[in-house]
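Positions 1 to 107 (the UniProt record's numbering) are the ones given, in order, by the sequence shown.
Where a beta carbon is used, it is the ideal one built from N, C-alpha and C, also for glycine.
Everything on this sheet refers to the single structure shown next.
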Amino acid sequence: MISALIAGRLVKEAHITSNGACEATVCTFDDERSVRLTCRRKALSEQLLALPFGSPISVSGLLRVVPVLNDKGEPRAYLTLEVSAILTQPQPQGLMARLFKQGANHG
1 MISALIAGRL
11 VKEAHITSNG
21 ACEATVCTFD
31 DERSVRLTCR
41 RKALSEQLLA
51 LPFGSPISVS
61 GLLRVVPVLN
71 DKGEPRAYLT
81 LEVSAILTQP
91 QPQGLMARLF
101 KQGANHG
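Now the structure itself:
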C-alpha cells in the first residue's frame, strides 16, 4: 500500500457498514477520480460522520489500488483509502443547513 494525502469533497455521506467500519466517498475537485474512504477508529469515524454531503475534506492514510476491467474491457483502478488522519475540521453550519438537516430528520 501507498501512504497518500487526498483532498476533495464528499460525494457520498459517511455511514457505518455492517462490519462496523465507517465509509464515505470523496471525489477530487475536478470530478475526475473518486476514492472510497474506510475508517475503523471511533474518533475518526465520528469526525467523518459529522461532515455533510459536499464538504471539502483532506484525509491521509494508506491507499489500496485494485486494478479492474470495466464493462468495455478497459483497465481501471479501484481506490480505497484506510483513513489514519482527517485534516479538515468540520465547518460551522449556517441556518439554512441546520434547517434542512432538521427537516430531513423529521420527515
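For this session: Could you name the residues of the same chain whose beta carbon sits closer than 8 Å to that of R33, not counting the 5 residues immediately before and after it, in chain order?
Result: Against the sequence shown, residue 33 aligns to sequence position 33. These residues qualify, in order along the chain: C27 and L79.
For this session: Run the CB neighbour count on S58, radius 10 Å, all protein chains shown included, and call it buried at 16 or more, exposed below.
Result: Locating residue 58 in the sequence shown gives position 58, where the first residue counts as 1. Its Cβ having fewer than 16 others within 10 Å, S58 is exposed.
Exercise. To which residues of the same chain is A21 closer than 6 Å at the C-beta, ignoring the five residues directly before and after it?
Worked result: The residue given as residue 21 occupies position 21 in the sequence shown. For A21, where only same-chain residues beyond five positions count, the Cβ hits under 6 Å are T38 and R40.
Exercise. If we ignore side chains and look at the alpha-carbon of each, how far apart do V66 and V35 end up?
Worked result: As a first step, residue 66 is located in the sequence shown; it is residue number 66 there, counting from the start. As a first step, residue 35 is located in the sequence shown; it is residue number 35 there, counting from the start. The alpha-carbon separation between V66 and V35 amounts to approximately 12 Å.
Problem set entry | Range of the contiguous beta strand (DSSP E) that encloses L51 | Taking the sequence shown and counting its residues from 1, the one referred to as residue 51 is at position 51. Where L51 is concerned, there is no enclosing beta strand (DSSP E), given that its DSSP letter is neither H nor E.
For this session: Look at the alpha carbon of L81 and the alpha carbon of N19, and state the distance between them as a whole number of angstroms.
Result: For the purposes of this step, residue 81 is taken as residue 81 along the sequence shown, with counting starting at 1. For the purposes of this step, residue 19 is taken as residue 19 along the sequence shown, with counting starting at 1. Rounded to the nearest angstrom, the two C-alpha atoms are 17 Å apart.
For this session: Put K72 into one of helix, strand or coil per three-state DSSP.
Result: Here residue 72 corresponds to residue number 72 of the sequence shown, with the count starting at 1. Residue state, collapsed to three classes: coil.
Exercise. According to DSSP, is S45 helix, strand or coil?
Worked result: Here residue 45 refers to the residue found at position 45 of the sequence shown. In this structure, S45 counts as helix in the three-state DSSP scheme.
Exercise. In angstroms, rounded to a whole number, what distance separates the CA positions of L51 and K72?
Worked result: On the sequence shown, residue 51 is found 51 positions in, with the first residue counted as 1. On the sequence shown, residue 72 is found 72 positions in, with the first residue counted as 1. When rounded, the distance between both Cα atoms is 35 Å.
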